[in-house]
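Data block below; observations after.
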Amino acid sequence: MLELARDRFGMGPNRTLRSADERLFKAVAAGEVADYTVGDTIADDPANAGNWRDERAIPGDRIEWLCLDARARALITPRGIEAIGVGIIDDVNLRHVDCSWTLSLVRCGFFGSLEFDGATFRALKLSGSHSYTTNRFAVSMDRGEVKGTLFLDEGFRAQSEINLLGIVVGGDVTFDGSEIHHPGKDAISLDGASLRGSLSFCHGFRAYGTVRLLGAIVHGNLACRGGEFNGLGDHLSDPCDENCALGTDGSCVHGDVFLDHGFKAAGKVRMVGMKVNGQLNCRGANIYNPDDDALLLDNVDVGETLFLDGEMDAAGTVRFCGSSIRGGVSIEIASKVELNARNAHIEDTVILVVRNPICADWRHANVLGLFDVLFHTDASYVLDMRHAAVTTLQFGDLVTNVRAHNGAGHRCIRLSGLQYDTLVLTNTQSDSSGRKYESWLRLQYSDALLSNDFDPQPYDQLASALNREGREREATSVLVAKNNDRLKYADMTLTSRCCDIFTGWLIGYGHRPKQAGYSAILIVVFGWLIFYLGWQSSLITPLDGTKEMPKAGGAFSSFVYSIDCFVPIVDFN
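Residue numbers (my numbering): 16 to 588.
Written as structure tokens, this is what we have:
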């Protein structure tokens, strides 16, 4: 191989084969690693590649020749091309080259672009290398193929975009510990990629610019544990990507997605229409995109559980509108947040823990399991559950001190159209006579927008649920409370209001007919007293004007006379 290289590069007045070139060709022919390191940590650091002299630098056409020249290719061993600590001073163009071996350039310095569009490698390893080019792409492998693993990890650095559009990788793709600095533009593009293994952005990964996986297919896991994504800035390539830190719209992950254990994003995390066969885990994630969407999960399809807990911190809106989650959802966010789960379909339990102010929109959501809301602080909240459907609805530590917050606009649950089979209120200071249910229902009127918008449906829904459980007394209390609240919150004519007040006092709006008997007794007793005092004061006398009762009639009885007056169809004369 060395002779072939001399024929190619060592002939002519201005062409020389340097010692660095010879070291590479000898190592490749012998199936060894071309190691250019000198054993000095500082000197061998790719961050200092600009100081590497001719003995540690080669032109890019040396690697091109190894991969393109038929005679040189025939001498490459199955180990492939491996080099450590070498500087490549210009572009390496291997577009559409079919290489059946591994290309490994570890802890190297690249001063040009690596152009591998349409190329095929057995494996590609660029671990720990630094790219200094300011061209559009630091590495471009558009529609290329790596049959094994693709490594851009262990301190890999680049100042331009990593373009992997439509790439096919038979193993894992790992960016662990790498740093891509391309602010305001795309940092890594994996749109349309097909990965048979996992994709990893963990262990100190940092990206300044957008990381894109639109329409990508990952057969393993997508792991971003401890990764930092900074997408803040004005994007020129696509206006909808403005401030997008991580975009995976329309992608499919056959395993799990991990945005946990120190995951940080400055800018939007956008996963619209993504399909995840496993869990989507955002425990402890920190996402900063104030005044806009922080985590956008609209129309995602999650096969297992969605975790938005573990002191997750989100400055911005968290959305999973229209999402289908075949597991459960666990939500506990450490900061004030706006949550939008409108039209979501969840087949298992939802646990919502409120420790900080929250505005949660669950309108038209469908939860087939338990919906458990736990309040651990006095934080304000607005829960909009209008027209949602839940199998079992449970609120813990909710209505304590509710009177102190009615009308304040800080604690509100919007209930119109909400349907459920069972309601459980726990850890309250109210008794079991139905007052706790009344207090819960009246939380909807602490919202100034709804304070004059009376809807009987929440009362009827709760009464129906209580009746199914055999708790008729509490159900009756709720129905009476419905009419009491109608008087307080609904717009009514004076006549209707007076009629309701009278029927409420007399028979509990028809829900407490026995109350009429108590009223009758009260009226009879009152009449008994009045007629007795009237007789004693000579204000009541016989019709003939005498003060004495006829002997045939016996003595005057004010009690009987009161009954006679109260019951018009009975005459005791």
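Ideal Cβ placement from N, Cα and C applies to all residues, glycine included.
Bear in mind that the values here come from a model prediction, so they are computed numbers and not experimental data.
Limits of the alpha helix (DSSP H) - the one that residue i falls within
i	result
Asn358	Neither: Asn358 is in no alpha helix (DSSP H) and is coded neither H nor E.
Arg86	Ala85 to Ala89
Asn301	First-last for Asn301: Asn301 to Leu311, but that is the beta strand (DSSP E), not the alpha helix (DSSP H).
Glu37	Ser34 to Ala45
Ala478	Gln472 to Arg483
Arg501	Glu487 to Tyr504
Cys580	Ser573 to Phe581
Tyr452	Arg450 to Leu456
Phe24	Leu17 to Phe24
N-terminal and C-terminal residue of the beta strand (DSSP E) that residue i is part of
i	result
Phe13	Any answer about residue 13 is impossible in this case: the structure gives the chain only from 16 up to 588.
Ile366	Val365 to Val369
Val284	Lys283 to Arg285
Leu426	The displayed chain sequence assigns Arg, not Leu, to residue 426. Start and end: Arg426 to Arg429.
Glu243	Glu243 to Asn245
Leu274	First-last for Leu274: undefined, no H or E at that position.
Ile373	Ile373 to Asp376
Leu398	Tyr396 to Asp399
Contact belief for residue i with residue j at Cβ below 8 Å, rounded distance in angstroms
i	j	result
Lys290	Asp316	4 Å
Ala87	Leu19	6 Å
Gly589	Cys267	Residue 589 lies beyond the residue range present for the chain, which begins at 16 and ends at 588; the question has no answer from this structure.
Ala309	Cys336	About 14 Å separates the two Cβ atoms, so there is no contact after all.
Glu326	Gly342	Going by Cβ atoms, the distance from Glu326 to Gly342 rounds to 21 Å, so no, they are not a contact pair.
Asp436	Ala403	Actually they are not in contact, since the Cβ atoms of Asp436 and Ala403 sit about 13 Å apart, beyond 8 Å.
Phe126	Ile103	7 Å
Ser431	Arg401	5 Å
Arg285	Asp264	6 Å
Leu321	Ile340	5 Å
Ser119	Ala153	About 17 Å; that fails the 8 Å criterion.
Val352	Ile366	Not a contact, Cβ separation roughly 16 Å.
Trp543	Phe574	5 Å
Asp399	Arg429	4 Å
Cα-Cα separation, residue i to residue j
i	j	result
Arg418	Gln476	Because the pLDDT of Arg418 is 39, which lies under 50, any placement of that residue in the model is unreliable, and the number read from its coordinates should be weighed accordingly. Spanning the two alpha carbons is a distance of roughly 23 Å.
Arg221	Leu81	33 Å
Phe244	Phe278	8 Å
Ile555	Gly549	5 Å
Ala58	Val397	59 Å
Asp592	Gly143	Any property of residue 592 remains undetermined from this structure, which presents the chain solely from 16 to 588.
His218	Leu210	20 Å
Tyr576	Asp468	48 Å
Ala8	Ala359	A question about residue 8 goes unanswered here, because the residues of the chain that appear run from 16 up to 588.
Ile361	Phe273	20 Å
Thr293	His234	A small correction: the amino acid at residue 293 is Gly; Thr does not occupy that position in the sequence shown. Cα-Cα distance, rounded: 11 Å.
Tyr147	Phe390	52 Å
Thr56	Arg94	27 Å
Gly384	Thr407	6 Å
Ser175	Ser204	11 Å
Asp22	Leu83	15 Å
Asn482	Glu347	33 Å
Asp313	Lys529	53 Å
Leu180	Gln434	47 Å
Glu489	Ala231	55 Å
Phe410	Val582	49 Å
Val121	Gly170	10 Å
Ala478	Gly262	46 Å
Val414	Lys140	Unreliable placement is indicated for Val414, whose pLDDT of 45 sits below 50; the coordinate value is still reported in the next sentence. Using only the alpha carbons, I get a separation of about 60 Å.
Asp50	Arg33	15 Å
Thr510	Asp579	30 Å
Arg486	Val493	11 Å
Leu17	Ala72	17 Å
Val188	Val388	40 Å
Asn421	Tyr460	Low confidence applies here, because Asn421 scores a pLDDT of 42, under 50, leaving its location unreliable and the question unanswered by this model.
Residues bridged to residue i (per DSSP)
i	result
Ile348	Met327
Val540	Val540 pairs with nothing; no bridge assigned.
Lys290	Cys267 and Asp316
Cys514	Cys514 is not bridged to any residue.
Phe410	Val388 and Leu440
Gly262	Arg227 and Arg285
Val112	Looking at the DSSP assignment, Val112 forms no beta bridge with any residue, so it has no partner.
Ile195	Ala173 and Ala222
Ala280	Phe244 and Ile302
Leu295	Val272 and Leu321
Thr332	Asp308 and Glu353
Thr189	Phe166 and Ser215
is_contact[residue i, chain B] using C-beta, thresh 8 Å
i	result
Lys283	Among the protein chains of the structure shown there is no chain B, as only one such chain exists.
**Item:** Continuous alpha helix (DSSP H) assignments of at least 4 residues falling wholly in the segment 115-176
**Value:** none
**Prompt:** At which residue ranges does the segment 46-102 contain complete alpha helix (DSSP H) runs of 4 or more residues, listed in the order of the chain?
**Reply:** 56-59, 76-83 and 85-89
**Request:** Would you list, in sequence order, the uninterrupted beta strand (DSSP E) runs of no fewer than 3 residues that lie entirely inside the segment 201-240?
**Result:** 221-227
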